[in-house]
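Visitor: This is the structure I have questions about; it appears just below.
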Amino acid sequence: MLKIEQVTKIFGGLKALSDISFSLAAGEITGIIGPNGAGKTTLFNVITGIYSPSSGRVFYEGKDITGFPPEKLARLSMVRTFQGIELFGQMTVLENVMVGLHTKSHSGIIASALKLPGHLREERRIRERASYWLEFTGIIDLATTEAANLPFGKGRLLEIARAMAIEPYIILMDEPAAGLNSRETSDLAELIKKIKDAGVTVALVEHDMELVMEICSRIIVLNLGHKIAEGTPREIQENEKVITAYLGED
Amino acid sequence: MKKEMLKFFIFATIIIIAPVFIKGGYLMNVLIFVGIYTILAVALNLLLGLAGQISLGQAAFFGLGAYLSGVLTATYTVNPWLSMVIAFVTVGVIAFIIGFPILKLRGHYLAMATLGMGIIVYIVFNETVDLTGGPSGLSGIPRLSIGGMIFDSDLKSYYLVWFFTIVVILLSINLASSRIGRALRAIHDSEVAARIMGVNARLLKVEIFTCSGMFSALAGSLYAHTVTFISPTSFGFNVSIELLTMVIVGGLGSIYGSFLGAAILTLLPEFFRAFQDYDIIVYGITLIVITMFMPGGLVRGVPFMVLSMYNKLRPASGSSGEGG
Numbered sequence: 005m006l007k008i009e010q011v012t013k014i015f016g017g018l019k020a021l022s023d024i025s026f027s028l029a030a031g032e033i034t035g036i037i038g039p040n041g042a043g044k045t046t047l048f049n050v051i052t053g054i055y056s057p058s059s060g061r062v063f064y065e066g067k068d069i070t071g072f073p074p075e076k077l078a079r080l081s082m083v084r085t086f087q088g089i090e091l092f093g094q095m096t097v098l099e100n101v102m103v104g105l106h107t108k109s110h111s112g113i114i115a116s117a118l119k120l121p122g123h124l125r126e127e128r129r130i131r132e133r134a135s136y137w138l139e140f141t142g143i144i145d146l147a148t149t150e151a152a153n154l155p156f157g158k159g160r161l162l163e164i165a166r167a168m169a170i171e172p173y174i175i176l177m178d179e180p181a182a183g184l185n186s187r188e189t190s191d192l193a194e195l196i197k198k199i200k201d202a203g204v205t206v207a208l209v210e211h212d213m214e215l216v217m218e219i220c221s222r223i224i225v226l227n228l229g230h231k232i233a234e235g236t237p238r239e240i241q242e243n244e245k246v247i248t249a250y251l252g253e254d
Numbered sequence: 188m189k190k191e192m193l194k195f196f197i198f199a200t201i202i203i204i205a206p207v208f209i210k211g212g213y214l215m216n217v218l219i220f221v222g223i224y225t226i227l228a229v230a231l232n233l234l235l236g237l238a239g240q241i242s243l244g245q246a247a248f249f250g251l252g253a254y255l256s257g258v259l260t261a262t263y264t265v266n267p268w269l270s271m272v273i274a275f276v277t278v279g280v281i282a283f284i285i286g287f288p289i290l291k292l293r294g295h296y297l298a299m300a301t302l303g304m305g306i307i308v309y310i311v312f313n314e315t316v317d318l319t320g321g322p323s324g325l326s327g328i329p330r331l332s333i334g335g336m337i338f339d340s341d342l343k344s345y346y347l348v349w350f351f352t353i354v355v356i357l358l359s360i361n362l363a364s365s366r367i368g369r370a371l372r373a374i375h376d377s378e379v380a381a382r383i384m385g386v387n388a389r390l391l392k393v394e395i396f397t398c399s400g401m402f403s404a405l406a407g408s409l410y411a412h413t414v415t416f417i418s419p420t421s422f423g424f425n426v427s428i429e430l431l432t433m434v435i436v437g438g439l440g441s442i443y444g445s446f447l448g449a450a451i452l453t454l455l456p457e458f459f460r461a462f463q464d465y466d467i468i469v470y471g472i473t474l475i476v477i478t479m480f481m482p483g484g485l486v487r488g489v490p491f492m493v494l495s496m497y498n499k500l501r502p503a504s505g506s507s508g509e510g511g
């Protein structure tokens with residue numbers, strides 16, 4: 005599905021990622037954990053084309069996608085969410101998800117300005133699909149709310165709904181539980197499982213260990229830009245290197 | 188959607204019947220310019236209000252449209268309609284080519300680059316004397332005509348200009364509420380998130396810049412053929428700033444706001460003539476007051492003011508009702 009080969013990212017003199025290799029299995033939930041500054045978000049930024057790696061390659065379904073810009077990856081059905089949610093604040097909740105259907109529609113600037121018949125049909129379809137994803141994430145009753153006025157937890161759900169609208173094969177979530185209360189976190193766990201059950205491969209960076217241990221079938225641990233462990237939740241919990249990275253040496 | 192269409196029909200109807208109440212005269216002449224500046228303000232609003240990209244050089248496209256139309260017809264006796272089409276397409280191509288490098292820039296840098304573009308074009312109008320007539324201008328531009336009817340009176344010119352203005356408004360409303368409009372607003376709010384959703388931000392920004400330039404060129408052609416005389420001062424830096432003021436005073440992102448802004452900034456100086464030498468000061472103060480107290484522009488500020496005044500009056504009348 006997704007294969008990372010010896011990815012290194014250097015900022016100035018600082019090695020944010022060194023020689024990271026792993027692959028994500030299709031249809032599974034993989035957790036990427038590590039202490040602050042481990043390079044988790046940088047790794048996501050490299051995979052999703054926000055940064056280019058200094059060296060190394062990223063493969064997606066056997067295709068070399070290293071350095072592909074995000075908009076091209078969206079067309080290959082790869083999507084992500086952000087740590088500090090990135091909503092389109094001045095647009096309604098429904099409109100936010102409708103933007104998620106950008107790759108599923110085709111009307112150009114001229115067809116849109118002239119309101120050609122095909123364009124109207126497409127608009128209706130976009131609206132219906134967007135409503136479906138709002139129902140999927142349970143925020144359909146907020147459809148007409150301006151996104152900037154959403155409470156944080158709902159904003160996160162909207163970001164997921166919008167990402168799901170592109171009908172991704174793979175979704176990368178950057179700390180989806182950050183800032184959520186325990187009730188919202190357990191709802192999120194259910195939602196992520198539901199996404200997996202829909203056949204989507206999930207990768208998530210997360211600090212909430214309970215959540216990670218509950219829903220991930222594989223875990224990758226980063227520390228100071230290096231991969232220090234990979235395995236099932238049980239293996240990771242017993243791994244000496246991981247314990248040391250988190251708790252420090254005795 | 189339907190509400191949007193109703194609003195448009197009411198607007199179009201008012202424009203069509205307005206001359207009946209105005210009965211010609213000087214105001215009629217001013218309203219022709221309101222129409223031309225509405226096109227320009229709407230064009231800038233597509234770029235600034237929708238996509239969040241600033242341009243301080245819109246007058247360049249306005250001027251290019253006017254000069255292409257003017258030179259082609261006055262010097263080379265091309266048919267005015269054909270020259271309009273040529274100007275429209277040529278400016279589109281120019282905007283598209285300039286757009287690619289220039290829209291890589293953001294914020295203040297984009298402002299500076301577009302400012303430079305405006306100034307360069309202004310200098311070209313002034314210096315290429317053989318072609319444009321230089322600072323003394325270009326005269327003898329023919330009027331537009333259909334069949335045997337020439338658009339020579341203020342009334343005829345009014346309908347000619349406002350026909351195009353209404354078309355531009357309709358196209359812009361459609362665009363704003365479409366897939367492309369949503370993508371542009373998404374770029375405005377978070378470019379990185381828009382790109383993650385598959386929006387080709389780079390190309391779309393260039394496309395809307397081109398569209399904005401082409402509408403401005405159309406306004407320029409109309410200006411040339413209705414005024415029949417053009418000179419560089421009509422397309423200088425101050426015009427770009429005035430357009431920016433229209434968009435902001437009217438309300439960023441609102442198409443009708445752009446009309447309001449264009450109308451007020453064109454009409455106010457006429458009304459303020461009564462203040463004689465002090466008119467420019469009164470004009471300036473009015474703009475400052477509007478932007479200070481209505482940061483969302485007239486189109487949002489006025490309804491808000493009316494509503495809050497109504498709410499202030501209501502409790503008073505309610506309590507007196509209880510007392511009685």
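If you read the sequences in order, they're chains C and A.
Residues 5 to 254 (this note's numbering) are what the first sequence spells out, left to right.
Residues 188 to 511 (this note's numbering) are what the second sequence spells out, left to right.
Every residue gets a Cβ at the ideal spot worked out from N, C-alpha and C, and that includes glycine.
#1: Identify whether I130/C lies in helix, strand or coil by the three-state DSSP scheme.
#2: Leaving aside the five residues before and after T301/A along the sequence, list all residues of the same chain whose C-beta is less than 6 Å from its C-beta, in chain order.
#3: With a 10 Å radius around its C-beta and 16 neighbouring C-beta atoms as the bar for buried, classify I307/A as buried or exposed.
#4: Compare the C-beta of R487/A with all C-beta atoms of chain C and state if any pair is closer than 7 Å.
#5: Once the 5 residues before and after K200/C are set aside, which same chain residues still bring their CB inside 6 Å of it?
#6: With 16 as the cutoff for other CB atoms within 10 Å, does R187/C come out buried or exposed?
#7: Answer yes or no: do L371/A and A274/A have a C-beta to C-beta separation smaller than 7 Å?
#8: Out of E90/C, T107/C, R61/C, Q87/C, point me to the one whose CA is closest to L77/C's CA.
#9: Work out the CA separation of L162/C and T260/A for me, nearest whole Å.
#10: Chain C beta carbons: is any one of them nearer than 7 Å to that of V386/A?
#11: Is N361/A close to chain C? Criterion is C-beta to C-beta, closer than 7 Å.
#12: Look up N425/A in the DSSP assignment and say whether it is helix, strand or coil.
#13: Just how far apart, CA to CA, sit T413/A and S427/A?
#14: Between the Cα of G324/A and those of L331/A, I475/A, F312/A, V436/A, spot the shortest distance and give me the residue it belongs to.
#15: Measure the CB-CB distance between N216/A and V434/A and report whether it falls below 7 Å.
#16: Evaluate A151/C with the Cβ neighbour count: other Cβ atoms within 10 Å of its Cβ, from every protein chain shown; 16 or more gives buried, anything less gives exposed.
#17: Quick check: what's the CA-CA separation for R330/A versus M192/A?
#18: With C-beta atoms as the reference, is S116/C less than 7 Å away from S365/A?
#19: Beta-carbon of I113/C versus every beta-carbon of chain A: anything under 7 Å?
#20: Against chain C, which members of the stretch 393-405 of chain A pass a CB distance test of less than 8 Å?
#21: Quick check: is the beta carbon of R128/C nearer than 7 Å to any beta carbon in chain A?
#22: What residues from chain C crowd round R358/A, counting only those whose CB sits closer than 8 Å?
#23: Would you mind stating whether T478/A and V221/A have Cβ atoms separated by less than 7 Å?
#24: So N313/A is in the alpha helix (DSSP H); what residue range does that whole segment cover?
#25: Considering just the uninterrupted stretch of the alpha helix (DSSP H) at F198/A, what are its terminal residues?
#26: How about A228/A and G488/A: are their beta carbons less than 7 Å apart?
#27: With 16 as the cutoff for other CB atoms within 10 Å, does Q463/A come out buried or exposed?
#28: To which residues does DSSP link K392/A through a beta bridge?
#29: Could you compute how far the alpha carbon of I175/C sits from the alpha carbon of D23/C?
#30: In three-state terms, what does DSSP make of Q10/C?
#31: Note down, in chain order, every chain A residue with its Cβ under 7 Å from the Cβ of V83/C.
#32: Note down the Cα distance separating P482/A from N185/C, rounded to an integer number of angstroms.
#33: Out of H230/C, M213/C, L228/C, state which residue places its alpha-carbon closest to the alpha-carbon of R222/C.
#34: Going by DSSP, what residue range makes up the beta strand (DSSP E) through E234/C?
#35: CB K13/C to CB S58/C, shorter than 7 Å?
#36: Would K231/C be called buried (16 or more neighbouring beta carbons within 10 Å of its own) or exposed?
Guide: Well, looking at it:
#1: Translated into positions along the first sequence, residue 130/C becomes position 126. It is helical.
#2: Along the second sequence, one-based indexing puts residue 301/A at 114. Result list for T301/A: S242, L243, G244, in chain order.
#3: By 1-based counting over the second sequence, the position of residue 307/A is 120. Label assigned to I307/A: exposed.
#4: Walking along the second sequence from the start, residue 487/A turns up at place 300. Not an interface residue.
#5: Working through the first sequence from its first residue, we reach residue 200/C at position 196. These residues qualify, in order along the chain: I33, V206.
#6: Sequence index remark: in the first sequence, residue 187/C carries index 183 (1-based). R187/C should be labelled exposed.
#7: Here residue 371/A refers to the residue found at position 184 when the second sequence is read from its first residue. Here residue 274/A refers to the residue found at position 87 when the second sequence is read from its first residue. Going by C-beta atoms, L371/A is not nearer than 7 Å to A274/A.
#8: Taking the first sequence and counting its residues from 1, one reaches residue 77/C at position 73. Cα-wise, what sits closest to L77/C is T107/C.
#9: In the second sequence, the residue the question calls residue 260/A occupies position 73. In the first sequence, the residue the question calls residue 162/C occupies position 158. Between the alpha carbons of T260/A and L162/C lies a distance of about 56 Å.
#10: Position 199 of the second sequence, counting from 1, holds the residue named residue 386/A. It does; some Cβ of chain C falls within 7 Å.
#11: By one-based count along the second sequence, residue 361/A stands at place 174. Yes, N361/A lies at the interface with chain C (some Cβ there is under 7 Å from its Cβ).
#12: As a position in the second sequence, residue 425/A is number 238, starting the count at 1. Three-state DSSP puts N425/A in a helix.
#13: In the second sequence, residue 413/A corresponds to position 226, counting from 1. In the second sequence, residue 427/A corresponds to position 240, counting from 1. So the two alpha carbons sit approximately 21 Å from each other.
#14: Along the second sequence, read from residue 1 onward, the residue named residue 324/A stands at position 137. Nearest of L331/A, I475/A, F312/A, V436/A to G324/A, Cα basis: F312/A.
#15: Translated into positions along the second sequence, residue 216/A becomes position 29. Translated into positions along the second sequence, residue 434/A becomes position 247. Their beta carbons are not under 7 Å apart, which means N216/A does not touch V434/A by this criterion.
#16: Counted from its first residue, the first sequence places residue 151/C at position 147. Classification for A151/C: buried.
#17: The residue labelled residue 330/A in the question sits at position 143 within the second sequence. The residue labelled residue 192/A in the question sits at position 5 within the second sequence. R330/A and M192/A: Cα-Cα distance of roughly 33 Å.
#18: Position 112 of the first sequence holds residue 116/C. Position 178 of the second sequence holds residue 365/A. Yes, they are a contact pair.
#19: For this step, residue 113/C is matched to residue 109 along the first sequence. Judged by the 7 Å Cβ criterion, I113/C is in contact with chain A.
#20: E394, I395, C398
#21: Translated into the one-based positions of the first sequence, residue 128/C becomes position 124. False, the Cβ-Cβ gap to chain A never drops below 7 Å.
#22: Residue 358/A sits at position 171 when you count from the first residue of the second sequence. In the sequence under discussion, the amino acid at residue 358/A is Leu, which differs from the Arg named in the question. Identification of chain C residues near L358/A by a Cβ-Cβ cut-off of 8 Å yields A117, L118, ordered along the chain.
#23: On the second sequence, residue 478/A is found 291 positions in, with the first residue counted as 1. On the second sequence, residue 221/A is found 34 positions in, with the first residue counted as 1. No, these two residues do not count as a Cβ contact at 7 Å.
#24: On the second sequence, position 126 is the one that residue 313/A refers to. Residues 294-314.
#25: Translated into the one-based positions of the second sequence, residue 198/A becomes position 11. Taken as a continuous stretch (DSSP letters only), the alpha helix (DSSP H) holding F198/A covers 189-209.
#26: Position 41 of the second sequence, counted from the first residue, corresponds to residue 228/A. Position 301 of the second sequence, counted from the first residue, corresponds to residue 488/A. Not in contact: A228/A and G488/A (Cβ atoms no closer than 7 Å).
#27: Taking the second sequence and counting its residues from 1, one reaches residue 463/A at position 276. By the neighbour-count rule (16 or more Cβ atoms within 10 Å), Q463/A is not buried but exposed.
#28: By one-based count along the second sequence, residue 392/A stands at place 205. K392/A is not bridged to any residue.
#29: Taking the first sequence and counting its residues from 1, one reaches residue 175/C at position 171. Taking the first sequence and counting its residues from 1, one reaches residue 23/C at position 19. Rounded to the nearest angstrom, the two C-alpha atoms are 23 Å apart.
#30: As a working mapping, residue 10/C is identified with position 6 in the first sequence. Strand, per DSSP.
#31: Within the first sequence, numbered from 1, the residue matching residue 83/C stands at position 79. In chain order: I383.
#32: Taking the second sequence and counting its residues from 1, the one referred to as residue 482/A is at position 295. Taking the first sequence and counting its residues from 1, the one referred to as residue 185/C is at position 181. Spanning the two alpha carbons is a distance of roughly 36 Å.
#33: Taking the first sequence and counting its residues from 1, the one referred to as residue 222/C is at position 218. Of the candidates H230/C, M213/C, L228/C, the one whose C-alpha sits nearest the C-alpha of R222/C is M213/C.
#34: Taking the first sequence and counting its residues from 1, the one referred to as residue 234/C is at position 230. It spans 230-235 - the beta strand (DSSP E) in which E234/C sits, taken as one unbroken run.
#35: By one-based count along the first sequence, residue 13/C stands at place 9. By one-based count along the first sequence, residue 58/C stands at place 54. In this structure, S58/C lies closer than 7 Å to K13/C by Cβ.
#36: The count along the first sequence starts at 1 and reaches residue 231/C at position 227. The residue is buried, with at least 16 neighbouring Cβ atoms inside 10 Å.
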